[in-house]
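Chemist: Before we start, here is the structure in question, set down as structure tokens.
Protein chains: 2
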Amino acid sequence: MNSQYPSHLLDEAVGQFAKLPGIGRKTALRLVLHLLRQEKSDVDAFANAISAVRNDIKYCHICHNISDTDTCDICADEKRNRAQVCVVENVRDVMAIESTRQYNGLYHVLGGVISPMDGIGPDDLNIDSLEDKVASGKASEVILALSTTMEGDTTNFYIYKRIARYGVPITTIARGVAVGDELEYADEVTLGRSLVNRIPFDQTLRVNAY
Amino acid sequence: MNSQYPSHLLDEAVGQFAKLPGIGRKTALRLVLHLLRQEKSDVDAFANAISAVRNDIKYCHICHNISDTDTCDICADEKRNRAQVCVVENVRDVMAIESTRQYNGLYHVLGGVISPMDGIGPDDLNIDSLEDKVASGKASEVILALSTTMEGDTTNFYIYKRIARYGVPITTIARGVAVGDELEYADEVTLGRSLVNRIPFDQTLRVNAY
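Going down the list, the protein sequences come from chains A and B.
Throughout the first sequence, residue numbering follows my numbering, covering 37 to 246 in sequence.
Throughout the second sequence, residue numbering follows my numbering, covering 37 to 246 in sequence.
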């Protein structure tokens, strides 16, 4: 299939783009042809940004989130509750939770979830440092906020087994019918969980979500 | 919105990806996070391929198609009919026509179509060199194979006006109901054109398309 391209430079660039998730060879070719129409300086800036983000990016030494500094802005913020630790998969989840403005603790970014299919085991994730954090006795609550997938549930359970013995309260975010969703369209597992884990009504009055 | 990212390197890389057509900031972030999980050498190879394709790619001096050499493989092929010139928009159209194995002439790649909305005028396209080719008297037929869009039709007409006076036969690819399509689902313009431009039935027997 590669020999269909009239240039090995084109072939190489298309091949590299096609390695990205969700991008096939047709889309890759479209993207490369787009770049060929841009100024050389703009394309170099694109290439440099890609190299720089991989080579020079830092991770916060406390929460492992992406950061420009050794300690990220969240971990450095004295106003936040340093005893609460919310365990998430990656920076996107940190951004999603931050955007709710409902959480004032710190994070712990695992860098993924346990996924034998993808060759990702516990040793590939930031779990040792989470255990250290809990073992040091500084955490008053660990909130597990991973995706409700098989991998997320497996990781939740693995972390639970590792840190439960330190006696720190471990919670997980509520699963239920999404705000704004109609009951009849909720899947039965979600609806079932939202019934089993129902909460006192007056508790909902305290949330100032909007 | 930029300040949502916890790192300016991340922000820059996401911003660069989001400039690509069809890629929004959410997808861009997903792609950058994917790259952060790859080996540094692989990401550098990706960045280098992008720089290289823009900086080092050559265009055939005869047909303007992307090439690794001054003369592309098609133009250098002595077995091809050098008097036939098929005018196409870009390398993707060359590849599409080549894959039919129904054409044995040369190409002329315009590098785009006239599109005032995008600021692309005739001077931005390889039209002067097409006129030179026709004026030199070496072409026996010019085949216009641009997209059936307003921009494609405009460009067809502009080229026609530029080269008609040289008396070379100018043809355009047939428009009609696609092979394998049912009549009732064809749009009326296409069906109408296929009726107006009907051809002798025995002519279809000569085509060994599959």
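Heads up, the beta-carbon is just placed ideally off N, CA and C, and yes, glycines get one too.
(1) Distance check for residue 144(B) and residue 101(A), CA to CA, integer angstroms please.
(2) Could you round the C-beta distance between residue 88(A) and residue 52(B) to whole angstroms and report it? I think they count as a contact, below 8 Å.
(3) Quick one: grab the DSSP three-state call for residue 182(B).
(4) Give the straight-line distance between the Cα atoms of residue 48(B) and residue 166(B), rounded to the nearest whole angstrom.
(5) Does chain A have any CB closer than 7 Å to the CB of residue 87(B)?
(6) Hey, residue 119(A) and residue 176(A): beta-carbon distance below 7 Å or not?
(7) Just verifying my parser: in three-state terms, what is the DSSP assignment at residue 232(A)?
(8) Whose C-alpha, out of 139(A), 147(A) and 199(A), is nearest the C-alpha of residue 168(A)?
(9) Flag this pair as yes or no: are the beta carbons of residue 90(A) and residue 62(B) separated by less than 7 Å?
(10) Sort 140(B), 104(B) and 154(B) by Cα distance to residue 115(B) and report the nearest one.
(11) Looking only at its chain, what residues have a beta carbon closer than 7 Å to the beta carbon of residue 103(B), apart from the 5 residues adjacent to it on each side?
(12) Report, in whole angstroms, the separation of the C-beta atoms of residue 192(B) and residue 180(B), which I expect to be a contact under 8 Å.
(13) Thinking C-alpha only, which one of 195(B), 151(B) and 187(B) is nearest residue 170(B)?
(14) Tell me which same chain residues have a C-beta within less than 8 Å of the C-beta of residue 207(B), skipping the five on either side of it?
(15) How would you call residue 42(B), buried or exposed, if buried means at least 16 neighbouring beta carbons within 10 angstroms?
(16) Nearest by alpha-carbon distance to residue 113(A): which of 142(A), 135(A), 92(A) and 127(A) is it?
(17) For the segment 96 to 125 of chain A, enumerate the residues whose C-beta is nearer than 7 Å to any C-beta of chain B, in chain order.
(18) Please compile the residues from chain C whose C-beta is within a distance smaller than 7 Å of the C-beta of residue 131(A).
(19) Just checking: is the beta-carbon of residue 9(B) within a distance shorter than 7 Å of some beta-carbon in chain A?
(20) I'd like to know whether the C-beta of residue 93(A) is nearer than 7 Å to at least one C-beta of chain B.
(21) Could you give the C-beta distance for residue 50(B) and residue 64(B), rounded to a whole number, given that I count them as a contact under 8 Å?
(22) Counting only C-beta atoms, is residue 181(B) closer than 7 Å to chain A at any point?
(23) Tell me, to the nearest whole angstrom, how far the beta carbon of residue 123(A) is from that of residue 146(A); I am working on the premise that it is less than 8 Å.
(24) Could you tell me whether the Cβ of residue 151(B) comes closer than 7 Å to any Cβ of chain A?
(25) Residues in the same chain with beta-carbon distance under 8 Å from residue 28(A), minus the five sequence neighbours each way, listed in chain order, please.
(26) Go through the segment 143 to 218 of chain B residue by residue and report every complete run of the alpha helix (DSSP H) that reaches 4 residues or more, in order.
(27) Taking 7 Å as the threshold (beta carbon to beta carbon), is residue 60(A) in contact with chain B?
(28) Taking only three categories from DSSP, how would you classify residue 91(B)?
(29) Apart from the five residues on each side of it in sequence, which residues of its chain come closer than 7 Å, Cβ to Cβ, to residue 46(B)?
(30) Give the C-beta separation of residue 125(B) and residue 182(B) to the nearest angstrom, bearing in mind that I take them to be a contact with Cβ-Cβ under 8 Å.
(31) Verify the CB distance criterion: does residue 80(A) have a CB-CB separation below 7 Å to chain B?
(32) Name the residue from 220(A), 211(A) and 111(A) whose alpha carbon lies nearest to the alpha carbon of residue 134(A).
(33) Once DSSP output is grouped into helix, strand and coil, what is the label at residue 77(A)?
(34) When the cut-off is 7 Å and only beta carbons count, does residue 201(A) lie next to chain B?
(35) Using the C-alpha atoms, what's the distance from residue 84(B) back to residue 38(A)?
(36) Let me know the alpha helix (DSSP H) ranges lying completely inside the segment 51 to 75 of chain B, each 4 residues or longer, listed in chain order.
Modeler: Looking at the coordinates:
(1) 52 Å
(2) Not confirmed; about 10 Å, so no contact.
(3) In the displayed model, residue 182(B) falls within coil according to three-state DSSP, outside both helix and strand.
(4) 41 Å
(5) yes
(6) In contact: residue 119(A) and residue 176(A) (Cβ atoms closer than 7 Å).
(7) DSSP, read as helix, strand or coil, puts residue 232(A) in helix.
(8) Residue 199(A) holds the alpha-carbon nearest to the alpha-carbon of residue 168(A) among 139(A), 147(A) and 199(A).
(9) no
(10) Measuring from the Cα of residue 115(B), the nearest candidate turns out to be 140(B).
(11) The residues are 94, 95 and 96.
(12) 5 Å
(13) Looking only at 195(B), 151(B) and 187(B), the smallest Cα-Cα distance to residue 170(B) is reached by 195(B).
(14) Closer than 8 Å at Cβ, skipping near neighbours: 177, 178, 179 and 180.
(15) buried
(16) 142(A)
(17) 101, 102, 103, 104, 108 and 109
(18) Among the protein chains of the structure shown, namely A and B, there is no chain C.
(19) Outside the displayed range of chain B (37 to 246) lies residue 9(B), so it cannot be described from this structure.
(20) yes
(21) 5 Å
(22) no
(23) The beta carbons of residue 123(A) and residue 146(A) sit about 6 Å from each other, so the pair counts as a contact at 8 Å.
(24) Not one chain A Cβ lies under 7 Å of residue 151(B).
(25) Outside the shown range of chain A, which is 37 to 246, sits residue 28(A), and nothing can be said about it.
(26) 164 to 171 and 186 to 199
(27) For residue 60(A), not one C-beta of chain B is nearer than 7 Å to its own C-beta.
(28) helix
(29) Excluding residues up to 5 positions away in sequence, 68 lie with their Cβ nearer than 7 Å to the Cβ of residue 46(B) in the same chain.
(30) Contact holds; Cβ gap of about 6 Å.
(31) yes
(32) 111(A)
(33) Residue state for residue 77(A) is assigned as helix, using DSSP reduced to three classes.
(34) no
(35) For residue 38(A), the pLDDT reaches just 41, beneath the cut-off of 50, and the residue's location in the model is therefore unreliable, leaving the point undetermined.
(36) 61 to 72
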